[in-house]
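Here the protein sequences come in this chain order: A and B.
First residue of the first sequence? That's 1 in full-length UniProt numbering, and the numbers climb one at a time after it.
First residue of the second sequence? That's 1 in full-length UniProt numbering, and the numbers climb one at a time after it.
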Amino acid sequence: MNYLKRSAPTAVAAAMSLMLLGACASKPATPEGVINARQQLNKLQASADLAVLAPVAIRQADAAVQEAEKPTKDQALSDHLVFIADRKVNIAWAQAQDKHAQDQRKLLTDARDAARLDSRTREADLARSDASVARNDAERARDEAVAARTAAEQERMAAEQARSGAEQDRLAAEQARNAAALSQQEAESANAKAAALQAQIAALNAKTTERGLVVTLGDVLFDTAQSNLKASSSSHLANLAAFLKSYPERGVIIEGHSDSVGDEDYNFGLSQRRADSVQGYLLGQGIAASRITTAGKGESLPVAGNDNASGRQQNRRGEVIITDAVTASN
Amino acid sequence: MKSFLQPEQWTMAAASHWLLVTTVLLSVMACSSVPAPVAELAAAEQAILTAEQARVNTYAASELAQARQKLQDARAAVVQKDMLQASRLAQQSKLDAELALARAGAAEALAVNDEMKKSTEILQQEMLRNQTGVKP
Chain A
1 MNYLKRSAPT
11 AVAAAMSLML
21 LGACASKPAT
31 PEGVINARQQ
41 LNKLQASADL
51 AVLAPVAIRQ
61 ADAAVQEAEK
71 PTKDQALSDH
81 LVFIADRKVN
91 IAWAQAQDKH
101 AQDQRKLLTD
111 ARDAARLDSR
121 TREADLARSD
131 ASVARNDAER
141 ARDEAVAART
151 AAEQERMAAE
161 QARSGAEQDR
171 LAAEQARNAA
181 ALSQQEAESA
191 NAKAAALQAQ
201 IAALNAKTTE
211 RGLVVTLGDV
221 LFDTAQSNLK
231 ASSSSHLANL
241 AAFLKSYPER
251 GVIIEGHSDS
261 VGDEDYNFGL
271 SQRRADSVQG
281 YLLGQGIAAS
291 RITTAGKGES
301 LPVAGNDNAS
311 GRQQNRRGEV
321 IITDAVTASN
Chain B
1 MKSFLQPEQW
11 TMAAASHWLL
21 VTTVLLSVMA
31 CSSVPAPVAE
41 LAAAEQAILT
51 AEQARVNTYA
61 ASELAQARQK
71 LQDARAAVVQ
81 KDMLQASRLA
91 QQSKLDAELA
101 LARAGAAEAL
111 AVNDEMKKST
121 EILQQEMLRN
131 QTGVKP
């Protein structure tokens, strides 16, 4: 109260001076530079998602702008306050943007992780699919290898069979050649035998008749009414024995014949005895009895007339028929 | 004031700044009744240092350069014994430095986001390519 009482005149004077000033000076205007700062601040505050991110900076910016908006005549002070307001508004903006960017990073991280996961999943699928393809390829290759091996085996077997067939053919050809050689040898041998036979037949004075080879043993072998062989006949009969030894498959039929002199029964007996005598000789030479057949024909089969000595001599004879086989004795 | 700086953050430049400021202040105080804006100058200095350490140069070089210029002007004003101007310049320097820091932070955050968007797009593109059957 004391203060008020003492300073009352001063206060009155001050009030008066203020009124004077207000009357004669133009009212100080709001600094123009702050208008931009205010607009920027309003924009930031109006931005719903940014305003909440930098509340402290915005409050400080708001205070600075209000301070700068106060009308003053001090131009330097006004410029200074406008500068401060401008910087604080810009700082608030930058901080809000920084915070906003950091907030968005969470979403970006999620998006990138999702993309990465998709990519990995995709890669894994691809890898699996690749592996599956590779497995299929491997299986196919294995099948092909098996098939190739089988085919090779079959070819090998076919080649083996062909080789074996060729071998058989070769053997068959060999056999055929051998057989041909053998048959040729046989043929040669047969020819040789035939030639030998012909030679011996010639030596025996044999004649080929419809009954076979017939060797006629003339009466030179026997004396009249005798059945014993003459000693001179042995060389002739020796040829026959040799022939029979050379051809053991052949047999002989020995027939005795006589002339018509004397009793017919006697002649028959004589011819039989003469045949037996030749047989005896052959048996003595080692010819088997089974190969020899004898028959006495008597005077029934004359080869000449009995009315002269020459004819009777021809009729007194022995005939040896050489048969092809032992069994063909008749 | 020293508490703003950690001991390991002391550099020759900072020490010389402090020495200059102190010398100027002492001389001013000796022959004038108006005190020098010590606190404002120190705050500006600190803000610049913080911005420098945050490697603001990359994203907000012009703001930081302006802050340095204002601080220099403030010191010149002290020498001129214009303490009011010195105080205002120091305050402006500090705000320039703070704006540099804030803008650098925002720019860096946006750059990181852009990088992430790009990598996501690349992944999606690769995936689309893979879906068309082209093997990576």
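From the three backbone atoms N, C-alpha and C, an ideal C-beta is built for every residue, glycine too.
Determine the burial state of residue i: buried for a count of at least 16 other Cβ atoms within 10 Å of its Cβ, exposed for fewer.
i: residue 267 of chain A; result: buried
i: residue 165 of chain A; result: exposed
i: residue 90 of chain A; result: buried
i: residue 1 of chain A; result: The pLDDT assigned to residue 1 of chain A is 47, lower than 50, so where the model puts this residue is not dependable, and the model offers no usable value.
i: residue 118 of chain B; result: exposed
i: residue 70 of chain A; result: exposed
i: residue 16 of chain B; result: exposed
i: residue 132 of chain A; result: exposed
i: residue 262 of chain A; result: exposed
i: residue 120 of chain B; result: buried
i: residue 312 of chain A; result: buried
i: residue 45 of chain B; result: buried
i: residue 125 of chain A; result: exposed
i: residue 315 of chain A; result: buried
i: residue 23 of chain A; result: Note on residue 23 of chain A: pLDDT 47, under 50, position unreliable in the model; the coordinate value appears next. Under this definition residue 23 of chain A is an exposed residue.
i: residue 128 of chain A; result: exposed
i: residue 161 of chain A; result: exposed
Tell me, which residues are paired with residue i by DSSP?
i: residue 323 of chain A; result: A/251
i: residue 292 of chain A; result: A/252
i: residue 207 of chain A; result: A/214
i: residue 318 of chain A; result: A/217 and A/256
Can you tell me the Cα-Cα spacing of residue i and residue j, whole angstroms?
i: residue 109 of chain A; j: residue 43 of chain A; result: 29 angstroms
i: residue 77 of chain A; j: residue 51 of chain B; result: 27 angstroms
i: residue 77 of chain B; j: residue 98 of chain B; result: 22 angstroms
i: residue 109 of chain B; j: residue 104 of chain A; result: 10 angstroms
i: residue 4 of chain B; j: residue 128 of chain B; result: Confidence in residue 4 of chain B is poor, its pLDDT being 47 and thus under 50, which makes the residue's placement unreliable; the coordinate value appears in the next sentence. Going by the C-alpha atoms only, they are around 54 angstroms apart.
i: residue 204 of chain A; j: residue 197 of chain A; result: 10 angstroms
i: residue 343 of chain A; j: residue 174 of chain A; result: Since the first and last residues shown for chain A are 1 and 330, residue 343 of chain A lies out of range.
i: residue 86 of chain A; j: residue 18 of chain B; result: 29 angstroms
i: residue 298 of chain A; j: residue 308 of chain A; result: 18 angstroms
i: residue 92 of chain B; j: residue 115 of chain A; result: 46 angstroms
i: residue 80 of chain A; j: residue 101 of chain A; result: 31 angstroms
i: residue 260 of chain A; j: residue 300 of chain A; result: 9 angstroms
i: residue 250 of chain A; j: residue 167 of chain A; result: 44 angstroms
i: residue 43 of chain B; j: residue 37 of chain B; result: 10 angstroms
i: residue 199 of chain A; j: residue 206 of chain A; result: 10 angstroms
i: residue 287 of chain A; j: residue 240 of chain A; result: 10 angstroms
i: residue 192 of chain A; j: residue 180 of chain A; result: 17 angstroms
Quick one: does residue i have its CB under 7 angstroms from some CB of chain E?
i: residue 80 of chain B; result: Of the protein chains in the structure, A and B, none is chain E.
Which residues, taken in chain order from the UniProt region "Disordered" (119-173) of chain A, show a beta carbon closer than 7 angstroms to some beta carbon of chain B?
119, 122 and 126
Contact list for the segment 96-107 of chain A against chain B, Cβ threshold 7 angstroms:
97, 98, 101, 102, 104 and 105
Which runs of the alpha helix (DSSP H) fall wholly inside the segment 59-135 of chain B and span at least 4 residues, in chain order?
Secondary structure remark: continuous alpha helix (DSSP H) runs of at least 4 residues inside the segment 59-135 of chain B, in chain order: 83-131.
Using a Cβ cut-off of 8 angstroms, which residues of the segment 109-132 of chain B contact any Cβ in chain A, in chain order?
Answer in chain order: 109, 110, 112, 113, 116, 117, 119, 120, 123, 124, 126, 127, 130 and 131.
Contact residues within the segment 60-76 of chain B, judged by C-beta distance below 7 angstroms to chain A
So the list is empty, because no residue satisfies the distance condition.
Interfacial residues, the segment 92-106 of chain B to chain A, with Cβ spacing under 8 angstroms:
With the criterion set as a beta carbon lying under 8 angstroms from some beta carbon of chain A, the members of the segment 92-106 of chain B are 92, 95, 96, 98, 99, 102, 103, 105 and 106, in sequence order.
Using a Cβ-Cβ cut-off of less than 7 angstroms, give me the residues of the segment 29-57 of chain A that come near chain B, in sequence order.
none
Unbroken alpha helix (DSSP H) runs of length 4 or more, entirely within the UniProt region "Disordered" (119-173) of chain A: which are they?
none
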